[in-house]
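*Asks:*
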Amino acid sequence: MKILVTGGAGYIGSHMVRMLLEQGVDVVVIDNFSTGNWNEEGRIIEGNFGDMELLEKIFSTEKFDGVIHLAASSSVEESVLHPVEYYKNNVLNTLNLLDVMIKYGVSKFIFSSTAAVYGEPDYFPIDEKHKVHPVNPYGQTKLFIEETLKFYEEAYGLSSVSLRFFNAAGASPCGSIGENRAVETHLIPIILKVAKGIRKNLSIFGTNYNTKDGTCKRDYVHVSDLCNAHTLALKYIDEKPGSHIFNLGTGSGYSVKEVIDTVEKVTGKEITVESKTRRAGDPEKLVANYEKAFKHLGWKPLFGLKEIIQHSWNWEQNLQAQKQRMKMKKNAPARSQTFDKQALTFSAI
Ligand code: UDP
3 MKILVTGGAG YIGSHMVRML LEQGVDVVVI DNFSTGNWNE EGRIIEGNFG
53 DMELLEKIFS TEKFDGVIHL AASSSVEESV LHPVEYYKNN VLNTLNLLDV
103 MIKYGVSKFI FSSTAAVYGE PDYFPIDEKH KVHPVNPYGQ TKLFIEETLK
153 FYEEAYGLSS VSLRFFNAAG ASPCGSIGEN RAVETHLIPI ILKVAKGIRK
203 NLSIFGTNYN TKDGTCKRDY VHVSDLCNAH TLALKYIDEK PGSHIFNLGT
253 GSGYSVKEVI DTVEKVTGKE ITVESKTRRA GDPEKLVANY EKAFKHLGWK
303 PLFGLKEIIQ HSWNWEQNLQ AQKQRMKMKK NAPARSQTFD KQALTFSAI
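Okay, here's the thing in C-alpha cells:
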C-alpha cells in the first residue's frame, strides 16, 4: 500500500508516518515545513499540498492507494485574527488536492477534521448527530471540506473518512516525537513550559464559564490514538466506500484547572497562573461521544490525561537534545526533495 501524507513532518504527521512505516506501508510525505520539522522518516517532498503543479508531478509519477490529509492551519485563535489564511489554506488548497486525486483516480481520502465544527454544543457528550455550527473560521473551513466530500463522493466516487479530532495532545511514549511550535498557543505544552521554568506563568483564558470551576472543558486525546484511528479508517473505506464521519475523543472532559492539577501531580512542579479574559472563538465545553468510531472502526482510546501529560513531559525534557540532533541533521546531506518546476524532476536538497 502506498499513502501520501500531507503535513507528515508536523506534530501529528510525524507520529502518523512512523506508525504507517511500522505497518509496512510505503509513505510519501508532502510538507512545507511551515510549522512541522520533526519527521525523519518516509520520503519527504518539500512543498505546499495545494500547489497544483507540484501535485501533478507527484501524482503522475507515484500511484497512491490513498491520501491522509493532516496538513492545515489549525489554531482557533489565529483563525479568528487572520481568517483569510485559513480559507486559503484549509479550503482552497484542499480543493486543489482533491482535484488532483480525482484526476489520477485516487479514491480514498482520510481527512483530519475537528470538534470545532460543533461550535457551542447543546448536549454532552457530543455525538456525530449533533448539529454543526462552528463559532470560529477554523471550524468552518473544516466543515466546508467535510460537506464537499459528501458531494464529491456522489459526483466522483471519492470515498472519505472525516475524523473530528477533539483536543490532540501527548507525545510518543518514549518522548522522541512531540509538540514543538515556534509560537505555542496550546494549553498542555504551555503548562509544561511553565513547569520546566522556561515560561513564567500560564494565562487562564476565562474563569467565568458555566463549568464546575469556571474554566473551559476539553476532551484531550492522545496523538497515538488519533493516528491509530487513521489506519483503521483506511481499512474501513476499503470495505465500506462512502463519506463517513467519526468523532475522536475519549469521552472525558477536563477543565483548564484540572489539567493544571494533573500537570502538578505528574511533574511535581507548581504552576503559576494568572486569570485573563476569555479568548475569542473558544467554546465552553467540548467532550466527545466516540461510540460510532468504536462500533464501526473498532477504535478506542488507549491513553488518558495522565499518560498524555507524562508522555508530553518526557518529550519536553528531551526537547533540547532533540533540537540539537535536528540541527546536526540539517547540516548533514539533506533527505527531503524539492520539485524543480523547470526541469520537471525531483531533486534532493
Ligand atoms: N487555554 C488557556 N491558556 C492558554 C492556552 C489555552 O487557558 O495559554 C485554554 C483555552 O482557552 C481552551 C483550552 O485551554 O479553553 C484548550 O486550548 P487549546 O488552545 O489547547 O486547544 P483548543 O481547544 O483551542 O483547540
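Heads up: the sequence shown is residues 3 to 351, going by the numbering used here.
For every residue, glycine included, the Cβ atom is placed at its ideal position computed from N, Cα and C.
Quantities reported herein were computed from a predicted structural model and do not represent experimental measurements.
#1: Who are the Cβ neighbours of K105 in its own chain at under 6 Å, not counting the five residues just before and after it?
#2: Please indicate yes or no: does the CB of G208 lie closer than 7 Å to some heavy atom of the ligand UDP?
#3: Taking the DSSP output, what are the residues bridged to Y256?
#4: On the CB-based measure, 16 or more other CB atoms within 10 Å of its CB, does L304 come out buried or exposed?
#5: Quick one: Cα of K59 to Cα of Y154, how far?
#6: Assuming contact is defined by CB atoms lying nearer than 8 Å, are I14 and L72 in contact in what I supplied?
#7: Any idea which residues DSSP pairs H71 with across the strands?
#8: Where do the ends of the beta strand (DSSP E) carrying D33 lie?
#9: For the candidate residues D215, N210 and S162, whose alpha-carbon lies nearest to that of T279?
#10: Going by the DSSP bridge assignment, what does E276 pair with across the sheet?
#11: Out of L97, K308, F66 and N182, which one is the CA nearest neighbour of G107?
#12: Once you ignore the five residues that flank K343 on each side, which residues in its own chain have a CB closer than 7 Å to its CB?
#13: Pick from A118, E272, A170 and N138: whose alpha carbon is nearest that of G306?
#14: Please confirm whether any heavy atom of the ligand UDP lies closer than 7 Å to the CB of L189.
#15: Hey, could you find the ends of the alpha helix (DSSP H) I14 is sitting in?
*Replies:* To lay it out plainly:
#1: none
#2: yes
#3: According to DSSP, which records beta bridges pairwise, Y256 is partnered with R220.
#4: exposed
#5: 23 Å
#6: yes
#7: T8 and F113
#8: D28 to D33
#9: N210
#10: Paired residues: S205.
#11: When each option's Cα is compared against that of G107, the closest is F66.
#12: With a pLDDT of 35 at K343, under the threshold of 50, the modelled position of that residue is not reliable, and the figure given next carries that caveat. Leaving aside the five residues that flank K343 on each side, the residues in its chain whose CB is nearer than 7 Å to its CB run, in chain order, E55.
#13: A170
#14: yes
#15: Y13 to E24
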